[in-house]
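Residue numbers (the numbering used here): 2 to 90. Glycine residues also receive a C-beta, built at the ideal position from the N, C-alpha and C atoms. Following: one structure in structure tokens, then a few remarks.
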């Protein structure tokens, strides 16, 4: 009965969708878009979803976060982990 429950199916679909967002964000960083603005611009995701996906990828150890100083404020930039960058080219 639990497997056929509609709420359970919705949770599984939502988890799959979140993974797709993570893959899209990871590919955007791999292609050279390192700031949140450029990631949002190229992927057409909203900022909250992109930041959430980046947080999950940082937790998984696939992306590292740096802060670049521009004037009086810091802009967060994201890069692939060096080991992953070597594997994917």
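Please return the same chain residues whose Cβ sits closer than 7 Å to the Cβ of residue i, not counting the five positions on each side in sequence.
| i | result |
| --- | --- |
| residue 19 | none |
Report yes if the C-beta distance between residue i and residue j is below 9 Å; otherwise report no.
| i | j | result |
| --- | --- | --- |
| residue 77 | residue 71 | no |
| residue 79 | residue 37 | yes |
| residue 89 | residue 55 | no |
CB-CB under 6 Å to residue i, same chain, minus the five flanking residues each way: which ones, in chain order?
| i | result |
| --- | --- |
| residue 45 | none |
Given residue i, which residues of its chain have a CB within under 8 Å of its CB, disregarding the five upstream and five downstream residues?
| i | result |
| --- | --- |
| residue 40 | 26, 29, 30, 34, 46, 51, 55, 79 |
| residue 63 | 27, 81, 82, 85 |
| residue 75 | 68, 69 |
Judging by CA-CA distance, which residue of the options is the nearest neighbour of residue i?
| i | options | result |
| --- | --- | --- |
| residue 43 | 53, 59, 32 | 32 |
| residue 122 | 48, 87, 23, 73 | Missing from the structure shown is residue 122; the chain here goes from 2 to 90 and no further. |
Could you check where the alpha helix (DSSP H) with residue i kicks off and where it finishes?
| i | result |
| --- | --- |
| residue 41 | 37 to 44 |
| residue 58 | 48 to 61 |
How far does the beta strand (DSSP E) with residue i in it extend, from its first residue to its last?
| i | result |
| --- | --- |
| residue 81 | 74 to 81 |
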